[in-house]
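For the sequence shown, counting from 1, position 152 maps to 147 in the working numbering; every step adds exactly one. Below is one structure, written out as structure tokens; comments come after it.
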Amino acid sequence: MNGTSSVEGDVPVWALPDAFPSKPEGADFGYVDPKGNLHPATCAEDLVQKVGGSRDGIDLVWTPDDDQMVVPEQVSVLHKPLRARLKRRAELDCSDGLRMGLVFGVIMLWTLYAAWSNSGGEMSALYSHQLTGLAALLLFMFGLLPLYEGLKMRRHLLKTEASDLVDEVPDAQFDSWLHRQKVPVTYFLLACLLLCGLVQVYLDWGSAEFKESIIQAGLLKTAALNYPQQADGAAWWRMFTAPMLHGNAIHFLMNAGGILYLGRRTETLARWPHLLMVYLGSMWVGGLASFYWIPDKVAVGASGGLMGLLGFMLVFELLHPRLVPKPARRRLLAGVVLMVVIGFLGMSFIDNAAHAGGLLAGMGYAGIVFPASASFRRPETMKRDRVVGIFSGVGIFAAAITAVLKMLA
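What follows is the structure in structure tokens.
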């Protein structure tokens, strides 16, 4: 069980007066873009024009009304330009979704016909061929998903007024605050994956996919029989080295992006020991699920650990509803739905067993370790959490080093 800290008061930490930096000297108005660049303005009207005309994101703004920087949704004079930016983004998402949907829709139709034709008219080829699954996934991610987001924003803008942006202040505060938090343990996880990824690139240079490195340290399962030269093809340690490897560069980048966001959220809200414990446990459970449910396919990737973090935060935030704004919690649930859709479309090459195993492991961990709480305060890090967290971090690092040594052997 975990206690609570006494750092926060009667509001979440991201809503405290000092949650954001003090405004800079030298200009009464201005804004900060997501890269941290300052854009001073001479007056309120100048700020309105700069915010409305900027192609950069608007992270924080400052005015004479506050000593600290604030999210732009808090400044009423900026509601109209912010709404105009949302409208432009919705139109861009719709146009991009239609254009890319057309491109990848044609590609998908071609791959469906090719798979059906090459299989002699077998209907099962329409959903079992990897190229058709990849084309469907690209159509969904770069066509249908942006189109859906754009249409959803259009509907939202039709139902609301500019002044309604004040209701989005808590969500904006949370996102901006979370982005500013230091997360060294999350970067440690990414460094372990990057180290193994660089070794994979070195070993499989010139190949579109990583193969030799996967044979050396991936979870081969029954496919180990196809590589009799690998005396350790069925070794137990592959359950821990396989999550450090990836099938190709795109696979690595997608998992790394997910870990960066979910790791930041976990490390900041639930504290770093639980990040390491959940990640290590979920990648192991995901590997076991893959081993028993899909025994004939080679498995690699950090998806088990990634899905564990997603499942953990889903339950953790449900048990601590005051820690995170409701829209941010809904986005996590949308992430689960998104992964289900992606898993369905890519069933011919995505390890859904590892995804499901990791997700359930993370959810189970949160439900067992954390009690429900109505407090605004984040759980404090207890001594036993730190001890187990350190051992978990050592285990993850050992898995990465073992993967590197086995690949280079």
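For every residue, glycine included, the Cβ atom is placed at its ideal position computed from N, Cα and C. Keep in mind it's a predicted model, so treat the numbers as computed, not measured.
Query: One or two residues paired with F339 in a DSSP bridge; Result: Bridge partners of F339: none, in fact.
Query: Endpoints, the alpha helix (DSSP H) within which P35 is located; Result: Run containing P35: none in the alpha helix (DSSP H); it sits in the beta strand (DSSP E), 33 to 36.
Query: Straight-line Cα distance separating V72 from L277; Result: According to the sequence displayed, residue 277 carries Ser and not Leu. Roughly 47 Å separates the two Cα atoms.
Query: Cα-Cα separation between K321 and S158, rounded to whole angstroms; Result: 20 Å
Query: Under the three-state DSSP convention, the category S277 falls into; Result: helix
Query: Start and end residues, alpha helix (DSSP H) containing G25; Result: Taken as a continuous stretch (DSSP letters only), G25 belongs to no alpha helix (DSSP H), being part of the beta strand (DSSP E) at 24 to 27.
Query: Closest Cα partner of A79 within the set V101, K45, M64, W105; Result: K45
Query: Beta-carbon proximity check, W279 vs F235, cutoff 8 Å; Result: yes
Query: Bridge-paired residues (DSSP) for W9; Result: W9 pairs with nothing; no bridge assigned.
Query: Test item: CB-CB of L190 and I209 under 8 Å; Result: no
Query: Through-space distance from P59 to A22, alpha-carbon basis; Result: 9 Å
Query: Cα-Cα separation, A10 to D162; Result: 14 Å
Query: Closest by C-alpha distance to I337, when choosing among H350, R84, R325; Result: H350
Query: Span of the beta strand (DSSP E) around W410; Result: Summary: the structure shown does not reach residue 410, with the chain confined to residues -4 through 404, and so no result is reported for it.
Query: From L133, K75, P67, H74, residue whose alpha carbon lies closest to that of G92; Result: L133
Query: Chain D contact for P141 (CB, 8 Å cutoff); Result: Judged by its chain identifiers, the structure shown contains no chain D, having just a single protein chain.
Query: Alpha-carbon spacing of E262 relative to A398, whole angstroms; Result: 25 Å
Query: Option in M272, L301, G282 with minimal Cα separation from T376; Result: M272
Query: S114 - partner residues in DSSP beta bridges; Result: For S114, which the question treats as bridged, DSSP gives no partner whatsoever.
Query: Residues bridged to A294 (per DSSP); Result: L214
Query: Residues near R259 in its chain [Cβ-Cβ closer than 6 Å; skip 5 each side]; Result: V178, T181
Query: Buried or exposed (CB count within 10 angstroms, at least 16 for buried), K464; Result: The chain is shown only over -4 to 404; residue 464 falls outside these bounds and no answer can be derived.
Query: CB of G357 within 8 Å of CB of L283, strictly; Result: no
Query: Neighbour-count burial assignment, W105, 16 or more Cβ in a 10 Å radius; Result: exposed
Query: L407, buried or exposed, once every other Cβ within 10 Å from all chains shown has been counted against 16; Result: The chain is shown only over -4 to 404; residue 407 falls outside these bounds and no answer can be derived.
Query: Sequence-distant residues of its chain with Cβ nearer than 8 Å to L327 (five each side left out); Result: L305, M308, L309, E312
Query: Three-state secondary structure assigned by DSSP to S370; Result: coil
Query: For Q406: DSSP bridge partner residues; Result: This structure gives no information on residue 406, because the portion of the chain shown stretches from -4 to 404.
Query: Three or more C-beta pairs below 8 Å linking the region 105 to 123 and the region 31 to 51; Result: no
Query: Span of the alpha helix (DSSP H), counted from its first residue to its last, around A241; Result: Checking the sequence shown, residue 241 turns out to be His, not Ala. First-last for H241: undefined, no H or E at that position.
Query: Contacting residues, own chain, Cβ-Cβ under 7 Å from L121 (five flanking each side not counted); Result: L107, A110, W111, T127
Query: For V178, three-class secondary structure by DSSP; Result: coil
Query: 8 Å Cβ shell around G(-2) - same chain, five flanking residues per side excluded; Result: Any reading at G(-2) is ruled out, since the residue's pLDDT is 46, under 50, leaving its predicted position unreliable.
Query: Rounded distance between the beta-carbons of E68 and L81, thought under 8 Å; Result: Actually they do not touch by this definition, with Cβ atoms about 11 Å apart.
Query: Sequence-distant residues of the same chain with beta carbon closer than 8 Å to L173, five excluded per side; Result: W9, R259, R260, T263
Query: Option nearest I345 by Cα separation, candidates I245, A167, A230; Result: I245
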